[in-house]
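Number of protein chains: 2
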Amino acid sequence: MSYTVSEENYIKAIFHLQQHGNMVTTTDVAVRLQTRPASVTDMLKKLKAKDLLLYERYHGFKLSTLGNQLALTIVRKHRLWEYFLVNNLRFGWNEVHDIAEELEHITSDLLIERLDEYLLHPRFDPHGDPIPDVNGKMEKVKQVMLSEFETGCWAKVCAVGSQSSELLDLLGHKNIAIGTILKIVQKFHFDHSIEIQLRDQPPFSISQQLAHTLFVKPQ
Amino acid sequence: MSYTVSEENYIKAIFHLQQHGNMVTTTDVAVRLQTRPASVTDMLKKLKAKDLLLYERYHGFKLSTLGNQLALTIVRKHRLWEYFLVNNLRFGWNEVHDIAEELEHITSDLLIERLDEYLLHPRFDPHGDPIPDVNGKMEKVKQVMLSEFETGCWAKVCAVGSQSSELLDLLGHKNIAIGTILKIVQKFHFDHSIEIQLRDQPPFSISQQLAHTLFVKPQ
DNA sequence: CAAATATTTTAGATTTGTCTAAAAATTAAT
DNA sequence: ATTAATTTTTAGACAAATCTAAAATATTTG
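Chains as they are written, first to last, in this note's numbering: chain W, 1 to 219; chain A, 1 to 219.
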């Protein structure tokens, strides 16, 4: 079975809205996809007919097992392409969303498995979101960029946004590696630099740029 | 200005049909795109309205300068993606056409320039077809795979289909490099192996696989 | 050069995904 | 528990890209 770009976009939108726990409504989907509730209703019927959605009119809807599977493959494609764009084609993590939004609809399964292999099976995309594996499994905990982590709490560095020698150089010098445990002492609004502290060491300061390429999980 | 996938497909089809010198007809396009002449006429009118085509009803048509430019950017995208698929994702040169057919419609210009840079500005795709540069310029002479070159004529090796160490190993052993001049002595149908001869040397035999990754131009 | 043949175009219909405006159902409020 | 407000759905229309069947134009041929 294969699906149109529009169908895939609806499935993905519903998937993301469902993640936030609360009940998803026709209007929610309309807002997210910048369309009208009437258009959403039309599409819900089509998605139901294709068994992607459980839907009773006037009584809400949610993804079927099939719909969930499809959503995960689309999310997988999106995040793998984002990873490729940032790590291989030197895009910034904030420039890649729209391009990945198009690339995620390329249909070849083999393509995406080869890409995954080429990228050495990354587990998180450049925004820190987990990448589902071939079977749709993914880590539950979202990584966050260090720059977005809350002040005062201990965090563990679990990924870096690039493998460039320049970055590794800097990290070596600052004594930061995957697994390092640190906390944010203070954030400076002037230049968005951040003062951090490693266990039993005096605090020191890192740039906004660096704070954007370090991903951490709460410790 | 941006164009639909369908418009781009028509422009590309007309471009390729024009390359063969002869006049392009409505029916030609219909055959190539697996559609009906009536549908082609409809689209011709739209393309004319967008200044991509010079068209007088009942009297034929051809790409405008703008149409030609557009065609070249699409061809550029197609061939760069094919190169990527073969050289980076380990696809065979005969598996990539359909995937590239989808990828060529991704809209970001920056993406394609970054890809070109990442691939180190390749000049020929895996089928030996030249890749237009950013300005639409490309080599005129098509390379052909050695396996398709005619017996008895001298040819110059001008590209190889992959950069794998396995291939370079084999080529080193057989004393073949870019620039080597050789001719086909005989083709064997049983295993599609090919007997070739380098200048002033005894002939020797190479496999079909190798003959598929060597690109030559008439010498 | 006119009749026969082939090609191209028009006319009108269909599908997909969207819209607006109005009707139906649900939810909230008095 | 009715009424009022909100949300969802239906009805009918539209644009894009396609189709079939018929009409218009070109081309070929005797």
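From the three backbone atoms N, C-alpha and C, an ideal C-beta is built for every residue, glycine too.
**OP:** Under 8 angstroms by Cβ, that's how I've got Leu66(W) and Leu52(W) pegged, so tell me the actual separation to the nearest angstrom.
**Re:** That belief holds up - the Cβ atoms of Leu66(W) and Leu52(W) are roughly 6 angstroms apart, short of 8 angstroms.
**OP:** Starting from the beta carbon of Thr26(W), find every residue of chain A whose beta carbon is closer than 8 angstroms, and list them in chain order.
**Re:** Within chain A, no residue has its beta carbon less than 8 angstroms from that of Thr26(W); the closest one is some 28 angstroms off.
Original post:
Leaving out five residues before and five after Thr213(W) in sequence, what residues of the same chain have Cβ atoms less than 7 angstroms from its Cβ?
Top reply: Cβ neighbours of Thr213(W) within its own chain (closer than 7 angstroms, five residues either side excluded): Val160, Gly161, Ser162 and Leu167.
Original post:
Going by other Cβ atoms of all chains shown within 10 Å of its Cβ, with 16 needed for buried, is Pro132(A) buried or exposed?
Top reply: Here Pro132(A) is buried, its C-beta having at least 16 other C-beta atoms within 10 Å.
**OP:** Take every Cβ of the stretch 89-105 of chain A, pair it with every Cβ of the stretch 110-117 of chain W, and state whether three or more of those distances are shorter than 8 angstroms.
**Re:** Between the stretch 89-105 of chain A and the stretch 110-117 of chain W there are three or more C-beta pairs closer than 8 angstroms, enough to call the two in contact.
**OP:** Could you check if Gln219(A) is buried or exposed, using at least 16 other CB atoms within 10 Å of its CB as the buried criterion?
**Re:** Result: exposed.
Subject >> Per-residue contacts from Tyr118(A) into chain W (C-beta, under 9 angstroms) >> reply: By Cβ distance, chain W contributes Asn88, Leu89 and Arg90.
Original post:
In whole angstroms, what separates the C-alpha of Ile181(A) from that of Arg76(A)?
Top reply: Rounded to the nearest angstrom, the two C-alpha atoms are 29 angstroms apart.
Subject >> Contact set for Arg79(W): own chain, Cβ-Cβ below 7 angstroms, skip 5 residues either direction >> reply: Within the same chain, Arg79(W) has close Cβ partners Asp125, Asp129 and Ile131.
**OP:** Consider the Cβ of Ser165(A): report whether some Cβ of chain W lies at a distance smaller than 7 angstroms.
**Re:** No, its Cβ sits nowhere closer than 7 angstroms to a Cβ of chain W.
**OP:** Take every Cβ of the stretch 197-207 of chain W, pair it with every Cβ of the stretch 3-20 of chain A, and state whether three or more of those distances are shorter than 8 angstroms.
**Re:** Taking 8 angstroms as the limit for Cβ pairs, the verdict is that the stretch 3-20 of chain A does not touch the stretch 197-207 of chain W.
Original post:
CA-CA distance, Ile194(W) and His20(W)?
Top reply: Computed Cα separation, rounded: 30 angstroms.
**OP:** Would you identify the three-state DSSP class for Met145(A), choosing helix, strand or coil?
**Re:** Strand, per DSSP.
**OP:** Output the distance between the C-alpha atoms of Ser164(A) and Leu170(A), rounded to the nearest integer angstrom.
**Re:** Answer to the nearest angstrom: the Cα atoms are 10 angstroms apart.
Original post:
Thinking just about the alpha-carbon of each residue, which of Thr151(A), Leu44(A) and Thr107(A) is nearest to the one in Ile74(A)?
Top reply: Closest by alpha carbon: Thr107(A).
Original post:
Can you list, in chain order, the residues of the stretch 43-76 of chain A whose Cβ is nearer than 9 angstroms to any Cβ on chain W?
Top reply: Listed by position, the residues of the stretch 43-76 of chain A near chain W (Cβ gap below 9 angstroms) amount to none.
**OP:** Please classify Lys183(A): is it buried, with 16 or more other beta-carbons within 10 angstroms of its beta-carbon, or exposed?
**Re:** Answer is buried; the Cβ neighbour count reaches 16.
Original post:
Which residues, taken in chain order from the stretch 91-111 of chain W, show a beta carbon closer than 9 angstroms to some beta carbon of chain A?
Top reply: Listed in sequence order: Phe91, Glu95, Asp98, Ile99, Glu102, Leu103, His105, Ile106, Thr107, Ser108, Leu110 and Leu111.
**OP:** Output yes or no for whether 7 angstroms exceeds the beta carbon distance between Leu111(W) and Ile99(A).
**Re:** Yes, they are a contact pair.
Original post:
At a Cβ threshold of 7 angstroms, is Arg79(W) touching chain A?
Top reply: Not a single C-beta of chain A is nearer than 7 angstroms to the C-beta of Arg79(W).
Subject >> Status (buried if at least 16 other CB within 10 Å, exposed otherwise) for Glu113(W) >> reply: Glu113(W) comes out exposed.
**OP:** Flag Arg222(A) as yes if its beta-carbon sits less than 7 angstroms from any beta-carbon of chain W, otherwise no.
**Re:** Because chain A here runs from 1 to 219, residue 222(A) falls outside it and cannot be looked at.
Subject >> Close-in-space but distant-in-sequence residues of the same chain around Arg36(A) (CB under 8 angstroms, 5 per side omitted) >> reply: Counting only Cβ-Cβ distances below 8 angstroms, and skipping sequence neighbours, we find Ala30.
**OP:** Determine the contact status of Phe84(W) and Gln143(W), defining contact as a CB-CB distance below 7 angstroms.
**Re:** No. Outside cutoff.
Original post:
In the stretch 40-127 of chain A, which residue ranges form an unbroken beta strand (DSSP E) of at least 3 residues, counting only runs that do not cross its ends?
Top reply: Look at the stretch 40-127 of chain A and you find these whole runs of beta strand (DSSP E), each 3 residues long or longer: 53-55 and 61-63.
Original post:
In chain order, which continuous runs of the beta strand (DSSP E) of length 3 or greater are located wholly inside the stretch 144-188 of chain W?
Top reply: Counting only runs of 3 or more, we get 154-160 and 181-187.
Subject >> Anticipated Cβ contact below 8 angstroms, Val223(W) with Leu17(W), distance rounded >> reply: Not covered by the structure: residue 223(W). The range shown for chain W is 1 to 219.
Subject >> Glu95(A) versus Thr27(A) - alpha carbon distance >> reply: Spanning the alpha carbons of Glu95(A) and Thr27(A) requires a straight line of approximately 28 angstroms.
Original post:
Along the chain, where does the beta strand (DSSP E) that runs through Phe215(A) open and close?
Top reply: For Phe215(A), the enclosing beta strand (DSSP E) covers residues Leu214 to Pro218.
Original post:
According to DSSP, what are the bridge partners of Pro130(W)?
Top reply: In DSSP, Pro130(W) forms a bridge with Phe124(W).
**OP:** Indicate the three-state DSSP secondary structure (helix, strand or coil) for Leu17(W) in the structure shown.
**Re:** The three-state secondary structure of Leu17(W), taken from DSSP, is helix.
Subject >> Pick from Ser2(W), Ile206(W), Glu150(W) and Glu8(W) that is closest to Glu101(W), judged by C-alpha positions >> reply: It is Glu8(W).
**OP:** Flag this pair as yes or no: are the beta carbons of Lys156(W) and Lys62(W) separated by less than 7 angstroms?
**Re:** No, the pair does not count as a contact, with Cβ atoms beyond the cut-off.
Subject >> Reduced DSSP category for Leu33(A) - H, G, I as helix; E, B as strand; rest coil >> reply: When secondary structure is reduced to three states using DSSP, Leu33(A) falls in the coil class, being assigned neither helix nor strand.
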